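Note that the sequence shown covers residues -1 to 325 in our numbering.
One structure below.
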Amino acid sequence: MWTSRRRDPDHLEALSLRQLGRWYRRVPVEIGADAGSDRARAELLDRIQDEWLRRLPGDPGMLNDRAMHAKWRRDWPTAQALGELALAALPTDQREGEPAAWNLGIAATARRDWAVARRAWQAFGIPVSGEGDAPVDEDLGPAPVRLNPPPRFVGQQEVLVDGRAGEPEVVWGRRLDPTRIQLVSVPLPASGHRYGDVMLHDGDVQGTRRFGDQEIGVFNEIELWERSPRPTLSAVVTAGDADSAQLEADLEAAGLAGEDWTTNMRVLCAACSNGSPGAHDHPGGAAVDGQRTFGLSGHPDDVAAVLRAWVAAAPGRAAGELTVELE
C-alpha cells in the first residue's frame, strides 16, 4: 500500500515548487488494492494540482493534468474549461500531438460542443470534415471497444448504464470520429449495452483483436454517449454454419442485427483480454445438435417476421420463442 512519507499534506504551501513537483511525480496514479489509499492519493493529487496552479496558473502541463483528472471523473464542463486553458497556453506551432488537444477533443465531444471539438482535433493534427457547429461525422473504420472496463486510475469513475455497472465485454464498433464508436455487434445483456449504442473512448489502446489480417487496438469505453433505442432479444435456433450466416444476412437486409452468441463468444483470461487473444488457447463455443443462441437487435415483431421467413426458406431450420433480454 502506498503511504505518504516525509511530507505533510496539510502544509503544501510550505514546500518549494521543486519539492512540490517531486512529490507530485512520486504519487502513483494507478488504482491499487486498497480503496482507502486510492481515495487518499486522488485527494492528494488534487490538492497538489491546486497549489501548483496557484503559483503557476498558466502552466500547460499541470492544466492538462487537471483536465485529465476531471475527464476521469467525467466532469466534462471542468475538463473542457481546463483543456482550453492548457491548449491556449501552448504556442500554436507546438500543439500537434499534445495530450491537451486530445483531452479537449474528448471533453468537447462529450458536451456536443462541435466547434471546440473540431478545433481540438485539428490542433492535435487530425483532419476532420465539416466546420463550425456541425457535428463531426467521420468513418474511421472498424475497431473493438471494451465495454465497462474497470477503472484504472485514482479518482476515475466506473461506467454506469441506466444507473448500473455492467459486465466487461469486448465488442466491435465503427469509429465515428477520434473518440466516438458505435456498436455493430450485439452485446450480451449483462453488459447493459445495445447494438447501435455510441460510446466515448479514450484512444488509449489496451490489447488487440484481429480483423482479417490486421491486429487492431482495443479502446476502453469512458461513457455511454448516446443510447440506442433498439432492444436486445435472443432466440435459440437450429441451424448449421451456412444457415446461421444466412440468418445474419437476412436480418441485416431487413435493417436489423443478429449475432451467434454460441460460437462467436470466447471467455478470455485477463492476459489475453488485455493483450492479444492468440497468446493462450481459448476456444469458442460450439453448437450442440445444431442449436445455438442468437443475440438479436430490433423490434420483436420485425425480428419474429425475419425468423419465420428464414425457417420457411430451407429444411432443417427451427427457431424458438423470442426472449426480450434488454429493453
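Backbone N, C-alpha and C fix where the C-beta goes; we use that ideal spot for every residue, glycine too.
Predicted, not measured: the structure shown is a model, and the values here were computed from it.
Nearest-angstrom Cα separation, counted from residue j out to residue i
i: cysteine 267; j: glutamine 204; result: Low confidence applies here, because cysteine 267 scores a pLDDT of 37, under 50, leaving its location unreliable; read the following figure in that light. Whole-angstrom Cα-Cα distance: 14 Å.
i: alanine 311; j: glutamate 156; result: 46 Å
i: arginine 326; j: leucine 181; result: This structure leaves residue 326 out entirely; the chain is present only between -1 and 325.
i: glycine 190; j: threonine 230; result: 10 Å
i: arginine 326; j: aspartate 32; result: Residue 326 lies beyond the stretch modelled for the chain, which goes from -1 to 325, so this question has no answer here.
i: leucine 15; j: glutamate 221; result: 36 Å
i: methionine -1; j: leucine 43; result: With a pLDDT of 47 at methionine -1, under the threshold of 50, the modelled position of this residue cannot be trusted; read the value that follows with caution. About 16 Å.
i: alanine 113; j: glycine 123; result: 16 Å
i: leucine 158; j: glycine 238; result: 37 Å
i: glutamate 11; j: glutamate 49; result: 7 Å
i: valine 265; j: alanine 121; result: At valine 265 the pLDDT is 46, less than 50, meaning the model places this residue with poor confidence; the figure from the coordinates comes in the next sentence. Computed Cα separation, rounded: 40 Å.
i: serine 295; j: valine 301; result: 8 Å
i: glycine 130; j: arginine 110; result: 12 Å
i: asparagine 262; j: aspartate 137; result: 25 Å
i: proline 298; j: glutamate 167; result: 24 Å
i: arginine 315; j: arginine 192; result: 27 Å
i: proline 313; j: valine 322; result: 27 Å
i: glutamine 244; j: alanine 141; result: 24 Å
i: valine 235; j: asparagine 101; result: 45 Å
i: histidine 9; j: glycine 34; result: 21 Å
i: valine 309; j: valine 169; result: 28 Å
i: alanine 132; j: histidine 67; result: 28 Å
i: threonine 260; j: leucine 13; result: 60 Å
i: arginine 160; j: alanine 106; result: Note that residue 160 is aspartate in the sequence shown, not arginine. Each residue's Cα considered, the two are about 22 Å apart.
i: glutamine 92; j: alanine 303; result: 58 Å
Start and end residues, alpha helix (DSSP H) containing residue i
i: glycine 103; result: 97 to 108
i: isoleucine 46; result: 33 to 53
i: glycine 81; result: 74 to 86
i: arginine 306; result: 298 to 310
Short Cβ contact (9 Å threshold) for residue i with residue j
i: leucine 362; j: alanine 240; result: Past the boundaries of the shown model lies residue 362; the chain is included only from -1 to 325, so the question cannot be answered.
i: alanine 108; j: tryptophan 74; result: yes
i: valine 152; j: aspartate 36; result: yes
i: threonine 291; j: alanine 233; result: yes
i: proline 185; j: glycine 293; result: yes
i: glycine 164; j: serine 183; result: no
i: aspartate 139; j: arginine 173; result: Residue identity check: residue 139 is glycine in the sequence provided, not aspartate. Taking 9 Å as the Cβ cut-off, glycine 139 and arginine 173 qualify as a contacting pair.
i: isoleucine 104; j: lysine 69; result: yes
i: glycine 195; j: glutamate 224; result: What sits at residue 195 in the sequence shown is aspartate, not glycine. Yes, Cβ-Cβ distance for aspartate 195 and glutamate 224 is below 9 Å.
i: proline 187; j: leucine 324; result: yes
i: leucine 85; j: arginine 64; result: no
i: methionine 197; j: valine 143; result: yes
i: asparagine 218; j: arginine 150; result: yes
i: glutamate 82; j: leucine 88; result: no
Residue i (DSSP reduced to helix, strand or coil)
i: alanine 237; result: coil
i: glutamate 28; result: strand
i: histidine 67; result: helix
i: proline 187; result: helix
i: threonine 177; result: coil
i: glutamine 289; result: strand
i: serine 226; result: coil
i: leucine 15; result: helix
i: leucine 10; result: helix
i: leucine 245; result: helix
i: arginine 162; result: strand
i: glycine 128; result: coil
i: arginine 116; result: helix
i: arginine 264; result: With a pLDDT of only 49 at arginine 264, under 50, the local geometry of the prediction cannot be trusted, and the value read off the model is given with reservation. DSSP places arginine 264 in coil when its eight states are reduced to three.
i: glutamine 92; result: helix
i: alanine 252; result: coil
i: glycine 59; result: helix
i: arginine 172; result: strand
Element boundaries [beta strand (DSSP E), containing residue i]
i: proline 142; result: 140 to 145
i: valine 322; result: 321 to 324
i: phenylalanine 209; result: 196 to 209
i: aspartate 258; result: 255 to 258
Any non-hydrogen atom of the ligand NAD within 8 Å of residue i CB
i: glutamate 257; result: With respect to the ligand NAD, the structure offers nothing, as it holds no ligand at all.
Proximity test, Cβ basis, 9 Å: residue i and chain B
i: leucine 42; result: Here there is only one protein chain, and chain B is not present.
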